[in-house]
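Numbering (the numbering used here), first residue to last: 485 to 1241. Written below as structure tokens is the structure these notes are about.
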Amino acid sequence: MPCTPEPPEAVRRCRLRIRGQVQGVGFRPHVYALALSRGLSGWVTNDTEGVLAEVQGRAVRDFLADLVDRAPPLARIDDIRVEDRPPSAGAEDFAILDSSRAGAVATEVPPDAAVCPACLEELFDPQDRRYRYPFLTCTHCGPRFTITGQLPYDRPQTSMAGFALCAACEREYRDPADRRFHAQPIACPDCGPQLSMPVEKIVARLMAGEILAIKGLGGFHLACDARNAAAVSRLRRAKQRDGKPFAVMVAGLASVGGLAEADADEAALLTGIDRPVVLLRKAAGAAALADGIAPGLPWLGVLLPYTPLHALLFHEAAGRPNGTGWLQQPQDLVLVMTSANVGGEPLVIDGKDAARRLGGIADATVDHDRPIVVRADDGVVRRVAGRPLWIRRARGAVPRPVRLARTLPPVLALGAHFKSTVCLTRGADAFLSQHIGDLDTAESLRFFEEAVAHLRRLVGSEPVLVAHDRHPDYASTRFADGLDLPALPVQHHHAHVAAVAAEHGVAGPLLGLALDGVGLGDDGTAWGGELMEVDGAHYRRLGHLAELPLPGGDAAATQPWRMAAAVLHQLGRSGEIAPRLAAHGPAAELAELLRRGLRCPPTSSAGRLFDAAAGLLGICPVASYEAEAAMRLEGLVSVPRLQPGGWTIDDHNRLGLLPLLEALIGCDPQVGAELFHGTLIAGLVDWVGRAAEATGLTQVALGGGCLANRVLAEGLIDGLTAHGLAVLTARNVPPNDGGLALGQAWIAGLWAADNGM
Ligand code: ZN
Ligand code: ZN
Ligand code: FE
């Protein structure tokens, strides 16, 4: 058979304009190496807009394909524009031009990245000059966001400024063919940061049952042997958190299997360069861990080593094997690795602070001399509906922007009160900060202010408007009042829905369903189960969950037995409150408050509905951390089931679940949890479906903290999709208050554009 070879490409010259995360990630050497391998001539440089290059030769088409397909791990290409130019005669070589002449600044700082495979090979190679060096990094891995104070992203702006490169490191830094070409944080044992305690000693002390405060990328961890029950319970007591689960770190993917189940998607989450804590279903081997790791829950938070130091701890415990083959074998060591913060304060990042604030908890501190410029906790994700869902977006994810549907005037958004994050926009990019935490303490407020200032320095845009929650008493609202900027209050659940719409680039009218803990409504009451129509910067409340009284006010949010009392009262069964619930608190007094309507503000909160169900089933009468009752309730579900006639929809479009809740009284906990989930899902689908018919809208965005519940989220997605609706859910930001600032920013940006700001 005759074979027709493809005709050789004619000589072409192209100018390439590449935008995205293309500076400080090894993009120029990538272009350089590809051009050389394809025999192309030309040049590449950084400038204020990204990377600019010209290439000339016969293989430009293949070059362009590889440019994208084989991009460096930390690169993110938003856009490539290719423009043909007349070929120039005599062009032969390919050069990396000095970017300083073009007035270039790296306009985006990359996120921190887990230690890469090539660095791991060196770390465990006795012949390598960085053998067992806890701070080795290269262009493709290591600290970025947490060591950078301001733009441009260059070594002098990072906390590596104080470490002068030795001759060997300098050579690598200058060599375009080297993996460490222009890698800002590079170091070696001769010129770089040092650890305050030998790895051998750290491991020996952990194995002996000690609790150590270990400095990491974005802050200190408290670490101990996860199989040592005494150490774990000592840590739990000292951290003052009764039941909140601890994350554990294991050597590698091969060591996860015994403890927890991870399918291929979850394995990809565990090994990704952002290396978050991944919530996995416990396996039989989890029983070998100390009881106090994740009490009462079927899930375990697992993370893999992401710094060379982490990897060295497991390497030491494995007997210092050469090479990386041992990582393919299950390893015994399991470490609790929990954020070193105490009593609601932010993560400790400084060695002196560690000694002072963690002195009563940790037996010793493992410090190093590379300062952390800004703190970033470990991220937390779980897989929901076949994709990762961020529960806490932090190290590894920030400051990667969310791309908006359109360019908007720059705005700053300050979030709410719990799980605080802030957001600053620049053009069509929205930069969401790392998880800051609840703004309950003076320390966390200081961190909030630092995070705002740091984000402004990193993004470099000047906001024309500041968005904040409608609640007047939140510290974030008061902070907005103190800025010299016009301020826009945004209703909490409008912002939840807008955050999802923003991620999907939807500005037009859509339905929004917010299932949440609490947010202040326009009528001054506590909202949290809201059906709305959202159109750009505006919204209309179409309906809400039927209100329940909050007996005793805020205390009801942490004591599900109080919500059970509220339900009994509404059912006209007040006489059962004391007999059924007196074991958990002052039930008779509560019944009296309910009867007289005193200190019982109404709420449409979905979160309190979960609490009511848990309280009625006796699953978690008093919660020791936020959302514990809902998590335990979800943990009991194997298959959601339906309670016929379990819900009502009244003339004011209120969805009521009292018939369902009544069916839970005296019910078996697992059966009750399954009835609650299945019936709630069916009721919500019915409710939203009717709203879709009434309004003609075909898209619905789901937001709010309850969407972190996998059973609920997957049930709603299936049910609403079957109803013919397009369902939008959170993608790269959390559906909870940690994503709220993005929704506020999207609303404020649209509002500013509408008003010609
Ligand atoms: Zn590396
Ligand atoms: Zn060096
Ligand atoms: Fe919320």
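Where a beta carbon is used, it is the ideal one built from N, C-alpha and C, also for glycine. A quick note: this is a predicted structure, and the numbers were derived from the prediction, not measured.
The distance from the Cβ of Val599 to that of Pro792 is about 5 angstroms, consistent with a contact at the 8 angstroms cut-off. Residue Gly835 holds the alpha-carbon nearest to the alpha-carbon of Arg854 among Ala846, Gly835 and Val1002. Per DSSP, reduced to three states, the secondary structure at Tyr1023 is strand. Residue Val544 holds the alpha-carbon nearest to the alpha-carbon of Glu493 among Gln505, Val544, Arg962 and Arg503. Note that the C-beta distance between Ser1088 and Gly1020 is not below 9 angstroms. Taking 8 angstroms as the cut-off, one finds no heavy atom of ligand 3 near enough to the beta carbon of His978. With three or more CB-CB distances shorter than 8 angstroms, the segment 1088-1101 counts as touching the segment 1033-1053. Judged by beta-carbon spacing, Leu892 lies beyond the 9 angstroms limit of Trp1171, meaning their Cβ atoms are not closer than that value. With the rule of 3 Cβ pairs closer than 8 angstroms, the segment 1210-1226 counts as touching the segment 1175-1193.
Cβ neighbours of Leu1148 within its own chain (closer than 8 angstroms, five residues either side excluded): Ala1097, Leu1100, Leu1101, Gly1156, Leu1159 and Phe1160. Around the Cβ of Lys903, a 10 Å sphere holds 16 or more other Cβ atoms; the residue is buried.
In the displayed model, Glu538 falls within a strand according to three-state DSSP. In the DSSP secondary-structure assignment, Arg871 is bridged to Val868. Relative to ligand 2, even the nearest heavy atom lies 8 angstroms or more away from the CB of Cys603. For Cys653, the enclosing alpha helix (DSSP H) begins and ends at Ala651 to Arg658.
By the neighbour-count criterion, in which a residue is buried when 16 or more other Cβ atoms sit within 10 angstroms of its Cβ, Lys685 is exposed.
Nearest to Asp582 by alpha-carbon distance, out of Pro885, Val683 and Pro513, is Pro513. In its chain, beyond the 5 residues on either side, Ala951, Gln1228 and Ile1231 have a beta carbon closer than 6 angstroms to the beta carbon of Val974. The C-beta distance from Thr808 to Phe608 rounds to 6 angstroms, short enough to fall under 8 angstroms. Straight through space, the alpha carbons of Cys675 and Asp747 are spaced by roughly 42 angstroms. Note on geometry: alpha-carbon atoms of Pro594 and Gly1187 lie some 28 angstroms from one another. A direct Cα-to-Cα measurement between Phe578 and Cys603 gives close to 28 angstroms. With a threshold of 8 angstroms, the Cβ atom of Leu873 does not count as near ligand 3, since no heavy atom of the ligand is closer than that. Taking a C-beta distance under 9 angstroms as the contact criterion, Gly727 and Cys708 do not qualify as a contact pair.
Beta-bridge annotation (DSSP): Phe704 is paired with Lys699.
Distances taken from the Cβ of Leu923 to the heavy atoms of ligand 2 include none shorter than 8 angstroms. For Gln1154, no beta strand (DSSP E) segment is defined; the enclosing uninterrupted segment is the alpha helix (DSSP H) at Pro1153 to Thr1179. Just so you know, the alpha carbons of Ala661 and Ala517 end up roughly 7 angstroms apart. For Glu567, the enclosing beta strand (DSSP E) covers residues Arg560 to Arg569. Relative to ligand 2, the nearest heavy atom lies less than 8 angstroms away from the CB of Leu649. Our two residues, Gly1081 and Pro1033, have alpha carbons roughly 9 angstroms apart in a direct line. If you compare the alpha carbons of Asp546, Leu1026, Gln507 and Pro729 with that of Gly523, the shortest gap goes to Asp546. Using a Cβ distance threshold of 9 angstroms, Arg866 and Leu763 count as a contacting pair. With a cutoff of 8 angstroms, Cys653 counts as near ligand 2, since its C-beta is closer than that to a heavy atom of the ligand. In the same chain as Leu939, and ignoring 5 residues on each side of it, the C-beta atoms closer than 7 angstroms to its own belong to Val906, Leu908, Phe915 and Ser917, in chain order. Residue pairing for Asn530: DSSP places it in a beta bridge opposite Val535.
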